[in-house]
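Asks: Mind the numbering: the sequence shown is residues 36 to 474 in the working numbering, read in order.
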Amino acid sequence: MMVLLVSLHPVTLPDDQPAAYTQQRAPSPPPPPISPFPASASSSSARSSPAPSAASSSREPAPLPSLPTPADARTGRHFGAEVIKIEPPTTGDPLRVWRELDADGTSPWFRSMGRNKKSVAVDMRVPAGRELVRRLALKSDVLLENFKPGTLEKWDLGPASLHPHHPSLIFTRVSGYGQTGPWAARPGYASVCEAEAGFRYINGHPDAAGALDGPPVRPNISLGDSVAGLHAAFGTVLALLARRAKTDRGEGGGQVVDVSIMESMLNLMEGIVPEYDRTGKVRGPSGSSVTGIVPTNAYPCLPTAPAPDTPAAPAFIVIGANGDTLYAKLMRAIGRADLVGPAYAHNQQRVQRQAEIEDAISGWTRKHTVEEAEGVMREAGVPVGRVNSVREVVQHEQVRARGGVEDVWVGARDGEGEEGEGKGGWSVKMPAVHPVLEG
36 MMVLLVSLHP
46 VTLPDDQPAA
56 YTQQRAPSPP
66 PPPISPFPAS
76 ASSSSARSSP
86 APSAASSSRE
96 PAPLPSLPTP
106 ADARTGRHFG
116 AEVIKIEPPT
126 TGDPLRVWRE
136 LDADGTSPWF
146 RSMGRNKKSV
156 AVDMRVPAGR
166 ELVRRLALKS
176 DVLLENFKPG
186 TLEKWDLGPA
196 SLHPHHPSLI
206 FTRVSGYGQT
216 GPWAARPGYA
226 SVCEAEAGFR
236 YINGHPDAAG
246 ALDGPPVRPN
256 ISLGDSVAGL
266 HAAFGTVLAL
276 LARRAKTDRG
286 EGGGQVVDVS
296 IMESMLNLME
306 GIVPEYDRTG
316 KVRGPSGSSV
326 TGIVPTNAYP
336 CLPTAPAPDT
346 PAAPAFIVIG
356 ANGDTLYAKL
366 MRAIGRADLV
376 GPAYAHNQQR
386 VQRQAEIEDA
396 ISGWTRKHTV
406 EEAEGVMREA
416 GVPVGRVNSV
426 REVVQHEQVR
436 ARGGVEDVWV
446 GARDGEGEEG
456 EGKGGWSVKM
466 PAVHPVLEG
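1) May I ask you to verify whether the segment 403 to 416 touches the segment 355 to 368, counting CB pairs closer than 8 Å and requiring at least 3?
2) I need the DSSP call for tyrosine 236, collapsed to helix, strand or coil.
3) Around the C-beta of arginine 208, are 16 or more other C-beta atoms found within 10 angstroms, so that it is buried, or is it exposed?
4) Give me the Cα-Cα distance between serine 323 and alanine 333, rounded to the nearest whole angstrom.
5) Histidine 201: buried (16+ other C-beta within 10 angstroms of its C-beta) or exposed?
6) Determine which residues share a DSSP beta bridge with methionine 412 and list them.
7) Who are the Cβ neighbours of valine 294 in its own chain at under 8 Å, not counting the five residues just before and after it?
8) Give the secondary structure of alanine 274 by DSSP, where H, G and I count as helix, E and B as strand, and everything else as coil.
9) Report the start-end ranges of each beta strand (DSSP E) in the segment 330 to 373 that is 3 residues or longer and not cut off at the edges.
10) Going by CA-CA distance only, name the one from Pro377, Asp191, Gly438 and Ser42 that's closest to proline 174.
11) Mapping the DSSP letters down to three states, classify glycine 315 as helix, strand or coil.
12) For a quick check, are the C-beta atoms of glycine 259 and methionine 300 less than 8 Å apart?
13) Going by beta carbon distance, what residues of the same chain come within less than 8 Å of aspartate 359, once the five residues before and after it are set aside?
14) When you compare only the Cα positions, how much space is there between proline 199 and proline 124?
15) How many whole angstroms separate the CB atoms of proline 477 and isoleucine 256, which I take to be in contact at a CB cut-off of 8 Å?
16) If you count every other CB in all the chains shown that lies within 10 Å of the CB of aspartate 128, and 16 or more means buried, which is it?
17) For arginine 134, which residues in the same chain have their Cβ closer than 6 Å to its Cβ, ignoring the five residues on either side in sequence?
18) Since tryptophan 461 sits in a beta bridge, which residues does DSSP pair it with?
19) Along the chain, which unbroken stretches of the alpha helix (DSSP H) at least 4 residues long are found entirely within the segment 163 to 210?
20) Identify, in the order they occur along the chain, each residue of the same chain with its Cβ nearer than 7 Å to the Cβ of alanine 274, setting aside the five sequence neighbours on each side.
21) When DSSP builds the beta bridges, which residues end up paired with leucine 247?
22) Buried or exposed for threonine 400, going by 16 or more other Cβ atoms inside 10 Å?
23) Hey, how far is the Cα of glutamate 286 from the Cα of aspartate 176?
24) DSSP three-state call for arginine 435: helix, strand or coil?
25) Could you spell out the range, first to last residue, of the alpha helix (DSSP H) harbouring aspartate 394?
26) What's the C-alpha gap between arginine 437 and valine 463?
27) Using 8 Å for Cβ pairs, my map puts valine 428 next to phenylalanine 351. What's the rounded Cβ distance?
28) When DSSP labels each residue in this structure, what does proline 377 get in the three-state scheme?
29) Please state whether DSSP places aspartate 128 in a helix, a strand or coil.
30) Assuming valine 353 contacts glycine 420 under a Cβ cut-off of 8 Å, what Cβ separation, rounded to an integer in Å, is found between them?
31) Helix, strand or coil for alanine 138 per DSSP?
32) Is DSSP giving valine 440 helix, strand or coil here?
33) If we ignore side chains and look at the alpha-carbon of each, how far apart do leucine 337 and glycine 149 end up?
34) According to DSSP, simplified to helix, strand and coil, what is valine 227?
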């Protein structure tokens, strides 16, 4: 388990408890032998950092054992907050060694999720470690944590223990099922909570009755963690704004932001709950389309080699022509004006003829490369996009133009802020922190 401390003002780490904590300093490994990315200038110049910073007056502390809080605190640091991440001694955050590893044994995944933070190893099992966290929390603006509910209370680090000494402290708490209710104490990782929230049920391929045909298909990322992190970040900002108003009235302003991964995923379910309530219909999986909207789907094109000297592979484009006018443009562009008219004029009618429409579109795309199909759609003014792998995304002209992937320096530097290749450091490409603030 870990603690993350974020502040909107500089924080000095105590130096009187060496047995309780140690600062993490990654070694400076040799640069990686190869890079899968084309050489390019840093994309950071395409995005301006706000000045003064958007978070120029606040700090946050947080305990966490998984992804949600690292994601939202990473963004806060990018906009000026100071973030101190508390990790368990010896091993640190498990993400440090998950998936692919750099030459120094650190995961690029961790470098992305853990950037913009100071890392401190603290043994919270001992009183000295808990006292250190308490002292840091009392200097902070927000405490983010994703321990199992009740853990901080057991250590006298919960709101009831800290608010009497720091009335304006904001607690942002992320857990599988929330701080209350019969399931509060259950452990809940993102994958489990995605299933419990109904999200996994609607992802997969339907059988003849519209129910799941085989196991559900999961996105190959920790979606529930990221979605909960966004809810936590938004809730924290709202709490900080509310605190400002309370402070103006002479009140303490501290409160608890309670984020459930399950409820965060439930929040994504759009009309599924009210539709069930009103009609009794259970929305099932829909493959690569979406229930009740036609046409919007992924369509196969002629196989294409993804890179030089590689065999041809299946290629797909996504066409979104669910508006009435867009639908007519699409069908005329592919030479199927016979499917334009009163019987296809509105979405409700097209839903009844989905198989006919989808067959016509896929029959056309199968005869064309992705580039050809994209060109025809763009000429017709129909929204279209190819299904890209990361290989295509990092070279995407729009991503590169806006600095959507930036170079982050790892390891040694020369002097004050100068990158030093000769010192053993290297740059790593990562998704840039979003959103972009202008003005």
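Built from N, CA and C at the ideal position, the CB exists for glycine as well.
Just so it is clear, the structure is predicted and the values come from calculations on it, not from any experiment.
Replies: Put simply:
1) yes
2) helix
3) buried
4) 6 Å
5) buried
6) DSSP output for methionine 412 lists no bridge partner at all.
7) Pro103, Thr207, Arg208, Val209, Ser210, Gly213, Ala263, His266, Ala267 and Gly270
8) helix
9) 331 to 339 and 348 to 355
10) According to the sequence as given, residue 174 is lysine; it is not proline. The shortest C-alpha separation from lysine 174 is found at Ser42.
11) coil
12) yes
13) Ala380, His381 and Asn382
14) 30 Å
15) The structure shown does not extend to residue 477, since the chain spans only 36 to 474, so no value can be given for it.
16) buried
17) Ser142 and Trp144
18) Val445
19) 186 to 189 and 194 to 197
20) Ile205, Gln290 and Val292
21) Pro241
22) buried
23) 15 Å
24) helix
25) 389 to 400
26) 18 Å
27) Not a contact, Cβ separation roughly 15 Å.
28) helix
29) coil
30) 5 Å
31) coil
32) strand
33) 40 Å
34) helix
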